[in-house]
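Residue numbers (the numbering used here): 1 to 710. Beta carbons: idealized from backbone N, C-alpha and C, even for Gly. Taking it in order: structure first as C-alpha cells, then the write-up.
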Amino acid sequence: MTLPLKVTPPTAGGTALPAEPQRKFQSEIQGLRAIAVLLVVIYHLWPERLPGGFVGVDVFFVISGYLITSHIYREIQENGRLSLISFWARRIRRLLPLGFVVLLFSAIAAVLWVPSTMWDATFRQIIASALYVQNWVLASAAVDYSAQDESATVVQHFWSLSVEEQFYIFWPLVIVLLLFLFRKFLPKSAVSVKTILIVGLSLIGLASLGYSIWLTAYDPASAYFVTPTRIWEFVVGALVGLTLGHRQFTGPIANIAGWIGLLAVLASGVLYSSATPFPGYTALLPVLGTALVMIAGNHAPYIGVHRWLSIRPAKFLGDISYGLYLWHWPLIIVAPYILNSGFFWYHKIVVLLIAILLSWATKVWIEDPFRIKPWIKQKRRSYSFLVAGAVAITAVSLILPNAIITARQGPTLSMSDPCYGYSAMVNNCTPIEGEQAPNPSAAKVALQPKNPLFPQCQAAETVNKIVECRIGASAETATKTVAVMGDSHARAWLPMLDELGKKNNWSIRSFTRSACTPSIADRAGLNRMTGASLEVAEICTSKNREVVDLIAKDSEIDAIVVAASPIDRTFVAPADIEMSNPQIEGFTMAWDQWIEAGKDVIAINEVPRLGPNIPECVDLNSENLSECSSTIKESFSRDQNIKNAAETMKSDRFFNVDMTSGFCDSERCYGVIGTVITFHDKSHVSFEYAKSLAPLFEKQLDGSTLVASK
C-alpha cells in the first residue's frame, strides 16, 4: 500500500520544498544504545546497584522516535509518497527474525528448567509477545490481585518491544492522517510538511505526557506498561529529527549541554528506583537528557561527548544492543533454576558474557542476513515470515506445555482413598505427603488463583459496593443459611462450604472482599499486601460495616463464617465508635452484634503460611517434598487477628474453628498431604484440600444451630 501525499519530489527546476540533505550516520546513536542496554541489563542483574536502570527503555524509545520519524519524513520529501507496505516489511526483517528465535528459545528453556507452575503465564506471555501485545497483558495482570504473586516470566521484557512494534505500526498512519487532514481542510495553505508534522506531533506528545502524568498518579501499575503513556517519548525523538534534520550544535557550550544530557540519563538510572512514580513527569529527565545528547555535542579529543559515545566498545554494544536486550532476560530467569542454588555475582558475570556472545552471534547469523540478503527482501516473503512465525510460536505455546504435563502425570490416589488429602492425617498414613503424584498436578493447582471456582463471589478491593453470591443448596430448599465474610482467605473456604452446603442442605451466601480484613475498625496506613491507598482502606471498612448490619438484620441467616489472612495490620478506632482495643474489638463488636441478633458466629483461625509458593516448590522438589514444609513457628509468624479476637469471646453461640491440625502435626506444617497440594500459592488453601477438610470443620461445630438441624 503506497499513499500519495501531494508532496512534489524535488527537481532541478521545480518549486517544491527541498529535501533534507541525507543524514550522515551518527555514531553517537550507537553509543546511546549501548548506554540504554547497559542500564537495563545492569538493573536486571544488580537492581540494588542501579535501581533506576529501567530508564534505559526510555532512551530506546526516544532513539526510535527520532530514527523512524526522520526516515518517514525523508521518504515523503524524496518521493512525494509513503509506501506503508515497504516500511512495515523493513521493520519485519529488522526485528522479527531474532525476536522469534528468542521466543522459541524461551519456550524450550521454560519446559526444560522453569517450574510447570509458571508455564501458563509463560506461554500466555510468549503468545502475547509473538503478537506484540505483551505490554497490555502485563498491564492487565498488574491490576489483577490474583496475579500479584505471579513470578516474572522468561519473556516479560518483551513488553517494551511490544510498545515499539505498536509504534511502528501506527506511527506512519498517524503521520499520513495528519497530512491528509491538513490538506483536506486547508488545501491552499503553503505550510510545509515539516511544520504540519511538528505541530501535529507536538499536540499528540503533550496529550500523551498529560495522560502519562495522570495515569501514573492514579494507576501506576498499569501506567508503566500501556502504550499511550509512552507515546510522548517517541514524539520527543521525532521532534529532534524534524526540527534539526542533519544538523547538530557542536560548539563548546553545546558539548557541555551534551554532557549534561548524558549525566541526566545516568543520574536517573542511579537515583530512581521502583518507588519512583514512573513514567509520568519523572521520565522527563532521561527522555530530555537523551534528546540533549542527540542535538548537542562534538567529537573533540578527550572532551567530546559524542567522541566517547563513538568509541569502539560503545559502537560494538550499540550494534548488538537489540540482541543483548532480547537474550539477557531469559538467561537471568532460567539461570537460578539450572544452578539450583544461589545466583551469585560470578554467576551473573557468566550470564552477562553468554548474553553478549549470543547477541554477537545472532547479529552476524540472523539479524544481518535477514536485513540485507536479497532472498528475503521481497515484501511477500517478509509478510509470509511474519505470519508463519507468529502461527508457529502460538501453536508451540498452546500444544507443548499441555502435552508435557499430561506425559509427566504418574499414578494418583482417588478422592475416596483413605490416604487422600486430610484423611492421611486422620489415618496416620506415611509418608504424610503420599507416594503417588500430586492430584491434581502442581501446574493445575497453580492456575487456581486465576480460575477460582466461584469468581462471582468476591468483590475487588476497589469496588465500592457489596458483592454477594449464593452457593451450596438452593435458597428454596435449604433448611439453614450460612453467610461468609472475610477476605480472599475466606473465599478459599468456599469449596468446602459449598460441599457441606449441598450435603447438609445449607444455602451459603458469600460477602467476601479481596484484601479486606473483616473488621469494623479503621485500617492504619497502606494495605501492606497490595499497596492500596487509604481510599481503598476506607471502602473496605465502610463495606464491612454495611455487611455486618445487613447480616444482623437478615432473618434468613442462621450462622456466619468469618475468616481472614494472617497479616501484620494495624487497626485504629473509627471516629464514631468507641474502642479501647480496636485490634480486637473491630472483630468482636461485629460478632456480638450478630449473636445479639440470634445467630451463630463461626470464626476460622488463620491458616499456616509456609513461605514458598507451594505448587512451585512441589514441582521443583518432587523427589523431596519435605522441602515444602516448615516448622510450626515459621508457619505462624504473622499476626493472628481472628484467633486473638476469638480468644476473648465467651458466648455459647460463638464457635472458634482451628484448622491447624489439618495442615500440621506437632512439629511441622506440610505443603502436600495425602498427595494433595495444600495451598495454591503461599497461603490460600487449594480447592481440593479445602474440600477434604470438611470433616475437621464439621467436628468443631458441636452445639451450633447448623449441627442441630442435621
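Using the DSSP secondary-structure output, state which residues sit across from residue i in a beta bridge.
i	result
T481	S507
T512	Q458
R638	Partner(s): none; R638 has no beta bridge.
N676	The amino acid occupying residue 676 in the given sequence is Val; Asn does not appear at that position. DSSP output for V676 lists I673 as bridge partner(s).
D522	V572
R668	T631
A714	The structure shown has nothing for residue 714, since the chain only spans 1 to 710.
F249	A296
In the structure shown, what three-state DSSP assignment does residue i receive?
i	result
G486	strand
T631	strand
N427	coil
V562	strand
V607	coil
V114	coil
E698	helix
F225	coil
A597	coil
F60	helix
I567	coil
P130	Note that residue 130 is Ala in the sequence shown here, rather than Pro. Three-state DSSP puts A130 in a helix.
A107	helix
A446	coil
V463	coil
M589	helix
L95	helix
D120	helix
A257	helix
S189	coil
N581	coil
A16	Only weak support exists for where A16 lies, its pLDDT of 34 falling under 50; the coordinates are left without a value.
I76	helix
A89	helix
Taking the beta strand (DSSP E) that residue i falls in, what are its first and last residues?
i	result
C469	469 to 472
F654	654 to 657
What whole-angstrom Cβ distance do residue i and residue j have, given they're in contact under 8 Å?
i	j	result
S474	S507	7 Å
A685	T675	Ala is not the amino acid found at residue 685; the sequence shown has Val there. Not quite, the Cβ-Cβ distance comes to about 16 Å (not below 8 Å), so this is no contact.
V114	V350	Not confirmed; about 19 Å, so no contact.
P290	V59	Note on identity: in this sequence residue 290 is Thr, with Pro being the wrong assignment. About 5 Å separates the two Cβ atoms, so the contact holds.
E367	P47	At roughly 28 Å, the Cβ-Cβ gap does not stay under 8 Å, so E367 and P47 are not in contact.
A326	V102	Before going on, a small fix: residue 326 reads as Leu here, not Ala. Going by Cβ atoms, the distance from L326 to V102 rounds to 4 Å, so yes, they are a contact pair.
T227	Q166	5 Å
C469	R513	Not confirmed; about 12 Å, so no contact.
L181	G99	Contact flag wrong, Cβ pair sits at about 34 Å.
I584	N544	No, I584 and N544 are not in contact; Cβ-Cβ is about 15 Å, not under 8 Å.
S635	C664	7 Å
Hey, quick one: how far does the alpha helix (DSSP H) through residue i stretch, first residue to last?
i	result
D600	Segment 600 to 604 is the beta strand (DSSP E) holding D600; no alpha helix (DSSP H) there.
V40	27 to 45
Q166	158 to 185
D549	534 to 553
M415	Unbroken run through M415: none, as it is neither H nor E.
V193	193 to 218
R49	Where R49 is concerned, there is no enclosing alpha helix (DSSP H), given that its DSSP letter is neither H nor E.
A395	379 to 408
I311	From DSSP, I311 is part of no alpha helix (DSSP H); its letter is neither H nor E.
M649	Run containing M649: none; DSSP gives neither H nor E here.
E476	Segment: none, E476 is in no alpha helix (DSSP H) and carries neither H nor E.
T362	345 to 362
Y281	That residue, Y281, is in no alpha helix (DSSP H); it is neither H nor E in DSSP.
A335	321 to 339
T243	231 to 244
S692	687 to 692
V618	614 to 620
D368	368 to 372
*Does the pairing of the stretch 84 to 97 with the stretch 51 to 58 give three or more beta-carbon distances under 8 Å?*
no
*Can at least three beta-carbon pairs, one atom from the stretch 607 to 615 and one from the stretch 569 to 586, be found at a separation below 8 Å?*
no
*asked:* For the structure I just gave you, are there three or more beta carbon pairs, one from the stretch 196 to 209 and one from the stretch 232 to 240, closer than 8 Å?
replied: yes
*Does the stretch 597 to 605 touch the stretch 654 to 669, meaning 3 or more C-beta pairs lie closer than 8 Å?*
yes
*Should the stretch 691 to 698 be regarded as contacting the stretch 418 to 431, the criterion being three or more beta carbon pairs within less than 8 Å?*
yes
*Hey, is the stretch 427 to 444 in contact with the stretch 112 to 128, meaning 3+ C-beta pairs nearer than 8 Å?*
yes
*asked:* Taking 8 Å as the cut-off, does the stretch 581 to 599 touch the stretch 542 to 557 (at least 3 CB pairs, one atom from each stretch)?
replied: yes
*Mind the definition here: the stretch 175 to 195 touches the stretch 127 to 138 only if three or more C-beta pairs lie below 8 Å; say whether that holds.*
no
*Please determine if the stretch 428 to 438 and the stretch 409 to 417 are in contact, where contact requires at least 3 C-beta pairs separated by less than 8 Å.*
yes
*Three or more beta-carbon pairs under 8 Å between the stretch 312 to 321 and the stretch 73 to 92, yes or no?*
no
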